[in-house]
Amino acid sequence: MTKTILTVDDSRTMRDMLMLALKGAGYRVVQAEDGVHGLEVLRAENPDIVITDINMPRMDGFGFIEGMRADPNHKATPVLVLTTESDAAKKQRAREAGATGWIVKPFDPAKLVDAVRRVAA
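Written out as structure tokens, the structure reads:
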């Protein structure tokens, strides 16, 4: 069965790059433009894995992850943070919010798919 991945990023270019990398690896991809939209898509789609940016308008990645974790259906859904941030305090805050892993942009498509496979297992 094909796994569904929700990507949450305010950059259309980044969403397109994620779509290409993940679809090429056989995943079904649904997209959201920010954390608020991400929570709406999450309820409609019930993805197996989520990849989110941190810096976004309306609701950032931390708020999105916290909102996602507040939903009993998504307490255990793996969340990969994909961001330009590499600050240890932000990584810690993401972990505390419930993130599973951290990938720094720009990403290597093969490494991204690898990380997705690791958390999807």
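Residues in the sequence shown are numbered consecutively from 437, following the numbering used here.
Beta carbons are placed, not taken as given, at the ideal position from N, Cα and C, and that holds for glycine.
In this text, all values refer to a predicted model and were calculated from it rather than measured experimentally.
On the criterion of 16 or more Cβ atoms from any shown chain inside 10 Å, does residue 540 qualify as buried, or is it exposed? Position 104 of the sequence shown, counted from the start, is the residue given in the question as residue 540. Residue 540 is exposed by the Cβ-count criterion.
Just to confirm, are residue 537 and residue 501 a CB contact at a threshold of 8 Å? The residue you call residue 537 lines up with position 101 of the sequence shown. The residue you call residue 501 lines up with position 65 of the sequence shown. No, Cβ-Cβ distance for residue 537 and residue 501 is not below 8 Å.
Taking the straight line between their C-alpha atoms, what separation do you get for residue 546 and residue 455? One-based indexing of the sequence shown puts residue 546 at position 110. One-based indexing of the sequence shown puts residue 455 at position 19. Using only the alpha carbons, I get a separation of about 13 Å.
Span of the alpha helix (DSSP H) around residue 449: If you number the sequence shown from 1, residue 449 lands on position 13. 448 to 460 is the span of the alpha helix (DSSP H), which, as asked, contains residue 449.
Please return the same chain residues whose Cβ sits closer than 6 Å to the Cβ of residue 631, not counting the five positions on each side in sequence. Because the chain in this structure spans residues 437 to 557, residue 631 falls outside the shown range and cannot be described.
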